[in-house]
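Residue numbers (numbering that gives the first Met the number 0), protein chains in the order written: chain A, 0 to 142; chain B, 0 to 687. Just so it is clear, CB atoms sit at the ideal spot from N, CA and C, and this is done for glycine as well. To start, the structure under review is shown below, and the notes come after it.
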Amino acid sequence: MKTTEKRQAAGRGTIELDTAGYGVRKDVRNNPVREVDTARQRELWRSVAVGLLLVVVLLFSAWQRVEQLRYGYLVEQLQKQRAAEEETARHLRLEIETLRAPARIERLATEQLHLVAPDKDAAIVIERITQPEPPPKSVIARR
Amino acid sequence: MKRAEDSRNEPSSSPTATDWRRIVKSRMLVAAVAFGVWGAFIEVRLLDLQVFRRTDLLARAERQQNRTIPAEAKRGEIVDRHGRVLAYSVDADSVFAVPSEIDNADRTAAALCEVLSECTERERESFGERLRRQSPFVFIRRLISPEECRRLEGLNLRGIKFLKESRRFYPNRELAAHLLGWVGIENKGMGGIEWSYDKQIRGRAGAVLIQTDARQQAFSRVGRPPTAGATLELTIDEYLQHIAERELHAGIVAARAEAGTALIMDPRTGEILAVANEPTFNPNNIRSSTEDARRNRAVQDLYEPGSTFKIVTASAAIEEHVWSPQDIVDAGHGFIRFGARQIDEYNMHAYGAISFTDVFVKSSNVGAIRVGLKVGAERIGRYVHRFGFGRRISSDFPSENGGIVWDPARWNESTLASVSMGYEIGVTPLQMAAAVSSVANGGNLIEPRLVRAVIHGNERAEIAPRVLRRTITAATAAELTTIMEKVVVDGTAKRAAVPGYMVAGKTGTAQKLINGNYSHTNYNASFVGFVPSRNPALTIIVVIDSPRAGGYTGGLIAAPIFKRIAQASLQHLGLPPSINPSAPLTVFRHSAQSDGAASLRVTANDQTPPLEVFAGAPGMPDVRGLSAREAVRTLARLGIVARLRGTGIVTEQEPSAGAPLDGIASSLLVLNRLAPQAQSVALAVEQP
Chain A
0 MKTTEKRQAA
10 GRGTIELDTA
20 GYGVRKDVRN
30 NPVREVDTAR
40 QRELWRSVAV
50 GLLLVVVLLF
60 SAWQRVEQLR
70 YGYLVEQLQK
80 QRAAEEETAR
90 HLRLEIETLR
100 APARIERLAT
110 EQLHLVAPDK
120 DAAIVIERIT
130 QPEPPPKSVI
140 ARR
Chain B
0 MKRAEDSRNE
10 PSSSPTATDW
20 RRIVKSRMLV
30 AAVAFGVWGA
40 FIEVRLLDLQ
50 VFRRTDLLAR
60 AERQQNRTIP
70 AEAKRGEIVD
80 RHGRVLAYSV
90 DADSVFAVPS
100 EIDNADRTAA
110 ALCEVLSECT
120 ERERESFGER
130 LRRQSPFVFI
140 RRLISPEECR
150 RLEGLNLRGI
160 KFLKESRRFY
170 PNRELAAHLL
180 GWVGIENKGM
190 GGIEWSYDKQ
200 IRGRAGAVLI
210 QTDARQQAFS
220 RVGRPPTAGA
230 TLELTIDEYL
240 QHIAERELHA
250 GIVAARAEAG
260 TALIMDPRTG
270 EILAVANEPT
280 FNPNNIRSST
290 EDARRNRAVQ
300 DLYEPGSTFK
310 IVTASAAIEE
320 HVWSPQDIVD
330 AGHGFIRFGA
340 RQIDEYNMHA
350 YGAISFTDVF
360 VKSSNVGAIR
370 VGLKVGAERI
380 GRYVHRFGFG
390 RRISSDFPSE
400 NGGIVWDPAR
410 WNESTLASVS
420 MGYEIGVTPL
430 QMAAAVSSVA
440 NGGNLIEPRL
450 VRAVIHGNER
460 AEIAPRVLRR
470 TITAATAAEL
480 TTIMEKVVVD
490 GTAKRAAVPG
500 YMVAGKTGTA
510 QKLINGNYSH
520 TNYNASFVGF
530 VPSRNPALTI
540 IVVIDSPRAG
550 GYTGGLIAAP
560 IFKRIAQASL
570 QHLGLPPSIN
580 PSAPLTVFRH
590 SAQSDGAASL
600 RVTANDQTPP
610 LEVFAGAPGM
620 PDVRGLSARE
630 AVRTLARLGI
640 VARLRGTGIV
650 TEQEPSAGAP
660 LDGIASSLLV
670 LNRLAPQAQS
680 VALAVEQP
């Protein structure tokens, strides 16, 4: 006669011991079967989505900040360039005005080119150019 | 063997499992403590930084990351009436030093002095003294030239740095220097129009907040930008100004005079076209000029006008109907006495009985005194006031001298006599020019103006002429003009005559008052007049101080300068002659945009026969209306043989006017006794 003794094994299932003293592990899984909790899963996904959204927003914000900085440097550099160009233009205009000074032109004409001022009979006035009188208040083009 | 190994391993396998747990536990404990300490440290640090030291650190961050720099406004331009630049601002470099970075102050000062212009020994010592200061920043020299800056940069001196500042430049150098004035080191107007309109020209400074990173690189810029100053459009004509300065300088050199002034004005509008002063200065280099050279004599210096003031006496006499031009005045024997005082004619001329007109044509002192005495002090005084003497006449010259006119109620006969011939009264050349302009324009005293318009941004606000008051009637002005014309034609101002133009004017020669006594060697020679006299475009006054060569009278010294200024100015302005004006010149000019069919007809006074121009190449001239001789001469100049038919003037021509000249060897001219109807109007532009 074969007697068996059931001994509760620690952990998983039970171990049946026969008379010979050998035991055969009977793997009786007693894991609880979990049903899918859809509400919780939805909540999880929602949380993940929100988290992802937050991450994206954070990344977007960081990207914007970086771009703002980058464009800030660029704008600053362009403004410096523009100021330099404007200053160069001002210097050039000053040079033009200096070269156009009547005293200088007259000196060049009389001393270097040996020109003489025309007398009144040598110069023929064909057309008298008069500047049109602007109205008292007017919008004018920038010189 | 294997058993031995097992037996060796066996006893240790059980304790190892326990140890592992213990080790992990202990390590985790250590890590947790470390993390805890680290976290606590961070928390403490954060607490310290963000709570306890928050204010201080915020302020430090502000200082390091944000820089608020003042943005200096550019001064507005000053341009002439045609928009040509007279004053302009550009950035220039200023040199400064950081003394703490300089090892050898003396050697650096010597190097600086070697490069910078006009550096004296004293200035070099001053550099050395400044470089030894315990200051983080000292200016060495401000607004240096680009050349100096390049040379200094080349030296690469340690502790010497540069910064940009706005600097005023006057591209025409001395031109109109007294009118423009100059700007000080702080970009503030110090004289002339730069000073009187400083508020408008200077603009409004702004402030810019610049954010920088740890490397001090700017990445953001916000703030209030500066508002640029207004541009001033002056009434000055740059070229007329050049003419006035050139001729005044030549006249002063020829007369070996001490100083002088010349002023050109438009009598119809009161616009000042030119003001020249000698000696003069270069406002770009103000440090090398003297105060005397910087004085605008035309508005700041008083002089006794002498005979030019007789215009006022004559005005009062005619306007008040006390004298008429045909009346006879007893000019006596060349002198007149008032108690112990004797007033003589120039060269003791005894004119005897002469007409009222001749009193002024010959500039008789005794005659003018007799006229003045009959008119009376009250009336003369009233006209002195009406012509604008004794008070400032223009708001554009804050430094203007109002002149000296004593109260007429307290004039005795001697004073009235003096005033009648232009003594015991102090006037400025500007006042005199304005007074004579009122005669020229028919009796309106117009405020002399230097600023034509103020341009803010793109808006131009023009300043309208302002009539101050009526001085005399148009009839009196016409009578005076006739008298003044005779002064130039027959009188003391023959040297002021401009060929082709009628000139009206008056000479003046006045002894200078030196230390309370009238000098017998120093005179003010002057001439004031307007041209063309019947349609005046220019009033010109010339005052020469103490001429030493070629005479001392206004007729000998000032009148020729007036003539040269007037001649060149009239030519520049293209004003046609007023004496025997020539037939109109007609020019057909084809528009560059048109296909050749449309053309502009421009006519102007000139003796040259009509000329047809096709896109720069001459075409067949219109010789209709010319005499046969003139027509033949005109065609001969172009290499065309004229064939004449009939007698008289040319009425028809073949080929017709305007035809291209290519291939034309001869032209048929039909002459007729009947002149074609005049169709040209001077200075008119019309579409055919």
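For residue j and residue i, believed in contact at Cβ under 8 angstroms, the rounded distance
| i | j | result |
| --- | --- | --- |
| R255(B) | P559(B) | The pair is not a contact, with the Cβ atoms about 15 angstroms apart (cut-off 8 angstroms). |
| R296(B) | N281(B) | Their Cβ separation, rounded to whole angstroms, is 17 angstroms, which puts R296(B) and N281(B) out of contact at 8 angstroms. |
| P101(A) | Y238(B) | 6 angstroms |
| N283(B) | F396(B) | At roughly 22 angstroms, the Cβ-Cβ gap does not stay under 8 angstroms, so N283(B) and F396(B) are not in contact. |
| N440(B) | P266(B) | 5 angstroms |
| L467(B) | I403(B) | Their Cβ separation, rounded to whole angstroms, is 20 angstroms, which puts L467(B) and I403(B) out of contact at 8 angstroms. |
| R642(B) | S665(B) | 6 angstroms |
Local Cβ density within 10 Å of residue i, reported as buried at 16 or more and exposed below that
| i | result |
| --- | --- |
| P531(B) | buried |
| F308(B) | buried |
| L112(A) | exposed |
| A86(B) | buried |
| E611(B) | A caution first: E611(B) carries a pLDDT of 41, below 50, which makes its placement in the model unreliable, though a value can still be read off. E611(B) is buried by the Cβ-count criterion. |
| A557(B) | buried |
| W410(B) | buried |
| N186(B) | buried |
| K198(B) | exposed |
| L449(B) | buried |
| S46(A) | exposed |
| I701(B) | Nothing can be reported for residue 701(B): it is not among the residues displayed for chain B, which extend from 0 to 687. |
| W322(B) | buried |
| Q216(B) | exposed |
| L668(B) | buried |
| H519(B) | exposed |
| S314(B) | buried |
| W19(B) | exposed |
| N155(B) | exposed |
| P407(B) | buried |
| K73(B) | buried |
| K562(B) | buried |
| D357(B) | buried |
| V43(B) | exposed |
| T17(B) | exposed |
| R159(A) | Residue 159(A) is absent from the structure shown; chain A starts at 0 and stops at 142. |
| A83(A) | exposed |
| G380(B) | buried |
field: Interface residues of the stretch 49-82 of chain A facing chain B [CB-CB below 8 angstroms]
entry: L68, G71, Y72, V74, E75 and Q78
message: My parser needs the alpha helix (DSSP H) runs of 4 or more residues fully inside the stretch 302-371 of chain B; what are they?
response: 309-318 and 355-360
Contained beta strand (DSSP E) runs [length at least 3] in the stretch 93-144 of chain B, N- to C-terminal order: 137-143
- prompt: Is the stretch 532-544 of chain B touching the stretch 330-347 of chain B, taking contact as three or more C-beta pairs under 8 angstroms?
  reply: no
message: Which residues of the stretch 96-111 of chain A have a Cβ closer than 7 angstroms to any Cβ of chain B? Give them in chain order.
response: E96, T97, A100, P101 and A102
- prompt: Got a sec: which bits of the stretch 205-225 of chain B sit with their beta carbon under 9 angstroms from any beta carbon on chain A, in order along the chain?
  reply: I209, Q210, D212, Q216, A217, F218, S219 and R220
task: Decide if the stretch 227-237 of chain B is in contact with the stretch 452-468 of chain B; the criterion is three or more beta carbon pairs, one per stretch, under 8 angstroms apart.
output: yes
field: Cβ pair count under 8 angstroms reaching 3, the stretch 138-150 of chain B against the stretch 91-104 of chain B
entry: yes
task: For the stretch 88-104 of chain B, enumerate the residues whose C-beta is nearer than 9 angstroms to any C-beta of chain A, in chain order.
output: S88, V89 and D90
message: Give me the subset of the stretch 245-270 of chain B whose CB atoms are less than 9 angstroms from a CB atom of chain C, sorted by chain position.
response: The chain labelled as chain C is not found among the protein chains of the depicted structure, namely A and B.
task: Residues of the stretch 155-174 of chain B with a CB closer than 9 angstroms to any CB of chain A: list them in chain order, please.
output: K163, F168, P170, N171, R172, E173 and L174
- request: Say whether the stretch 521-529 of chain B touches the stretch 493-508 of chain B, bearing in mind that this needs 3 or more beta-carbon pairs closer than 8 angstroms, one atom from each stretch.
  value: yes
- request: Decide yes or no for the touch test of the stretch 265-275 of chain B against the stretch 240-247 of chain B: beta carbon pairs closer than 8 angstroms, at least 3 of them.
  value: yes
query: Between the stretch 231-243 of chain B and chain A, which residues of the former have CB atoms less than 7 angstroms from a CB of the latter, in chain order?
result: E237, Y238 and H241
- prompt: Closer than 9 angstroms, Cβ to any Cβ of chain A: which residues of the stretch 444-457 of chain B, in chain order?
  reply: A452, I454, G456 and N457
message: Quick test of the definition: if touching needs 3 or more C-beta pairs under 8 angstroms, does the stretch 60-68 of chain B touch the stretch 168-184 of chain B?
response: no
task: Would you mind listing the beta strand (DSSP E) stretches within the stretch 215-295 of chain B that are 3+ residues and don't spill past its ends, in chain order?
output: 217-223, 230-233, 258-264 and 271-277
- request: Identify every run of the beta strand (DSSP E) within the stretch 401-456 of chain B, keeping only runs that are complete inside it and at least 3 residues long; order them along the chain.
  value: 443-445 and 450-455
message: What ranges does the alpha helix (DSSP H) occupy inside the stretch 138-198 of chain B, keeping only unbroken runs of at least 4 residues that lie completely in it?
response: 145-154, 176-179 and 191-195
message: Under 8 angstroms, with one C-beta from each stretch per pair, do the stretch 120-130 of chain B and the stretch 47-63 of chain A reach the 3-pair mark?
response: no
query: Of the residues that make up the stretch 357-376 of chain B, which ones have a beta carbon closer than 7 angstroms to any beta carbon in chain A?
result: none
field: Proximal residues, the stretch 72-84 of chain B versus chain A, C-beta separation under 9 angstroms
entry: K73, E76, V78, R80, H81, G82, R83 and V84
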